[in-house]
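Scroll down for the structure; my scribbles are underneath it.
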Amino acid sequence: MIDVLNIQTSQVKTSKVSQCDFDNLVFGKTFSDHMFVATYANNTWQDLKIVPYGDITISPALSALHYGQAIFEGLKAYKNEKGEVLVFRPMENWKRMNKSAERLCMPTLPEEVFMGGLTQLLALDKNWIPAKPGYSLYIRPYMFAADEYIGVRPSNTYTFIIFTSPVGAYYSAPVKVRVETHYTRAAAGGMGFAKAAGNYASSMLPAQLAHKDGYDQLLWTDAKEHAYFEESGTMNVMFVINDTLITPPAADTILKGITRDSVLRLARDWGMKVEERPVAVKEVMDAVNNGTLQEAFGAGTAATIAHIAVIGYEGKDYTLPAVTERKFSNKVLKTLDDIKVGKAADPHNWIYKV
Ligand SMILES: *Cc1c(COP(=O)(O)O)cnc(C)c1O
630 MIDVLNIQTS QVKTSKVSQC DFDNLVFGKT FSDHMFVATY ANNTWQDLKI
680 VPYGDITISP ALSALHYGQA IFEGLKAYKN EKGEVLVFRP MENWKRMNKS
730 AERLCMPTLP EEVFMGGLTQ LLALDKNWIP AKPGYSLYIR PYMFAADEYI
780 GVRPSNTYTF IIFTSPVGAY YSAPVKVRVE THYTRAAAGG MGFAKAAGNY
830 ASSMLPAQLA HKDGYDQLLW TDAKEHAYFE ESGTMNVMFV INDTLITPPA
880 ADTILKGITR DSVLRLARDW GMKVEERPVA VKEVMDAVNN GTLQEAFGAG
930 TAATIAHIAV IGYEGKDYTL PAVTERKFSN KVLKTLDDIK VGKAADPHNW
980 IYKV
């Protein structure tokens with residue numbers, strides 16, 4: 630058992646928080662004062678510490694840079710009206726990080742390292758959590774192979790870090806997406822279900838090609854036939870057809886989003902018909918054409934819900950129903966955002982209070 634009370638903490642002398650321009654935050658560019666660091670060596674997690682956020686020294690032969698054993702998580706902390714620190718379902722991120730770790734042949738993290746590090750870091754840097762509506766502190770846990778060795782084999786040493794970044798209210802304007810029928814994000818037997826750096830690397834070229842043609846992101850389809858929807862950009866994808874919420878099943882090609890799970894849970898609570906099953910591109914395009922498709926959206930931590938306004942398919946753009954008419958996705962967005970900041974009841978105990 631690792632003694633998390635024994636996290637060595639070296640605090641900054643002066644916090645940078647007073648210099649932070651919270652009114653003009655650009656996503657991912659501002660970092661809080663401290664970071665949590667743990668080292669895996671000799672088959673055990675050790676040397677847990679909180680240190681000032683700053684550069685780390687690495688070898689040119691760092692294994693992760695060559696063979697890509699690198700995984701991450703993303704979650705957010707909020708402040709409620711009393712100024713208490715709330716985190717949305719962090720245990721799910723811990724569990725998912727370990728699933729990713731297993732797939733990439735990396736060591737799993739004990740709960741007390743992930744949750745202990747997270748809790749102490751947030752307690753120390755809580756002044757970085759903006760109290761303004763919609764604002765939050767984005768939390769980035771990640772792990773990489775740390776051996777100085779370029780032979781191909783799983784690394785023996787690893788580094789786990791958590792740092793945080795204050796972010797403004799994230800509103801996703803309705804997106805224009807293109808059905809991708811050439812490139813694939815993930816294949817059966819691959820690592821699509823893992824939050825692995827490499828999955829993001831392989832998605833950048835297809836995403837850039839879609840941008841050039843005026844689309845915000847891609848609707849990924851299955852690798853075998855390009856006939857079934859899988860995800861929307863880096864979010865899970867959902868459709869409402871004939872009042873039924875439909876989403877692809879969380880198989881090994883799909884990242885099992887915590888937002889996805891939360892949306893499905895709330896839909897079921899509200900008595901909505903929910904189907905987790907393969908969603909054919911043809912089914913959705915037919916529904917667009919015959920007027921039975923009511924809603925389409927991406928679900929993920931960054932925006933919670935990103936409404937899909939337009940779907941590009943086989944060279945033609947199809948405009949979906951107006952966002953103002955979308956009852957379910959607007960309601961679930963508001964409810965989830967309210968639960969996250971402690972403004973709505975939390976019947977499933979999703980909130981972790983630091
Ligand atoms: C992170 C991620 C999601 C969303 O997961 P959340 O836990 O809801 O943030 C969906 N798809 C991919 C590919 C992702 O990396």
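For the sequence shown, the numbering used here begins at 630 and goes up steadily by one.
Ideal Cβ positions, reconstructed from N, Cα and C, are used throughout, including at glycine.
Selected residue, minimal CA-CA separation from Val680, among Leu753, Ser692, Glu731, Gly862: Leu753
Rounded distance between the beta-carbons of Thr882 and Ala815, thought under 8 Å: So it is a contact: roughly 4 Å between Cβ atoms.
Beta-bridge pairing of Ser861 - partner residues as DSSP gives them: Leu848, Met864
Touching by the beta-carbon criterion (3+ pairs, under 8 Å), the region 904-914 and the region 681-690: no
Where Gly944 falls, given that 16 or more other Cβ within 10 Å makes a residue buried: By the neighbour-count rule (16 or more Cβ atoms within 10 Å), Gly944 is not buried but exposed.
8 Å Cβ cutoff, His811 in contact with chain D: Of the protein chains in the structure, only one exists, and it is not chain D.
Span separating the alpha-carbon of Ser639 from that of His663: 9 Å
Beta-carbon proximity check, Ala826 vs Ala774, cutoff 8 Å: Against a cut-off of 8 Å, the Cβ pair of Ala774 and Ala826 comes out as no contact.
Whole-angstrom C-beta distance between Val714 and Lys755, which should lie under 8 Å: With 8 Å as the limit, Lys755 and Val714 qualify as a contact, their Cβ atoms being about 5 Å apart.
Which of helix, strand or coil DSSP assigns to Gly920: Coil at Gly920, not helix or strand.
Ligand 1 heavy atom lying under 7 Å from the CB of Leu766: no
For His695, the three-state DSSP class (helix, strand or coil): helix
Segment limits, beta strand (DSSP E) that includes Ser794: 787-796
Distance cut-off 7 Å: Met864 Cβ against heavy atoms of ligand 1: yes
Residues of its chain near Phe926, where Cβ-Cβ distance is below 7 Å and the 5 sequence neighbours each way are ignored: Met867, Ile934, Ala935, His936, Ile937, Ser958
Cβ neighbour criterion (16 or more within 10 Å) applied to Ser688: exposed
Host beta strand (DSSP E) of Tyr829 (start-end): Counting along the chain, Tyr829 falls outside any beta strand (DSSP E), though it belongs to the alpha helix (DSSP H) covering 826-841.
Check: Lys824 C-beta below 7 Å from any heavy atom of ligand 1: yes
Buried versus exposed call for Asn722 [16 or more other C-beta atoms within 10 Å across all chains shown]: buried
Euclidean distance between Cα positions of Thr850 and Leu834: Straight-line Cα distance between these residues: approximately 16 Å.
Burial state of Trp899, where buried means 16 or more other Cβ atoms lie within 10 Å: Exposed is the call here.
Through-space distance from Thr793 to Tyr989, alpha-carbon basis: Here the chain has residues from 630 to 983 only, and residue 989 is not among them.
Cβ contact check for the region 739-747 and the region 639-655: 3 or more pairs under 8 Å: no
Ser784 burial status per 10 Å Cβ neighbour count (16 or more: buried): buried
Whole-angstrom distance between Tyr767 and Ala706, CA atom to CA atom: 7 Å
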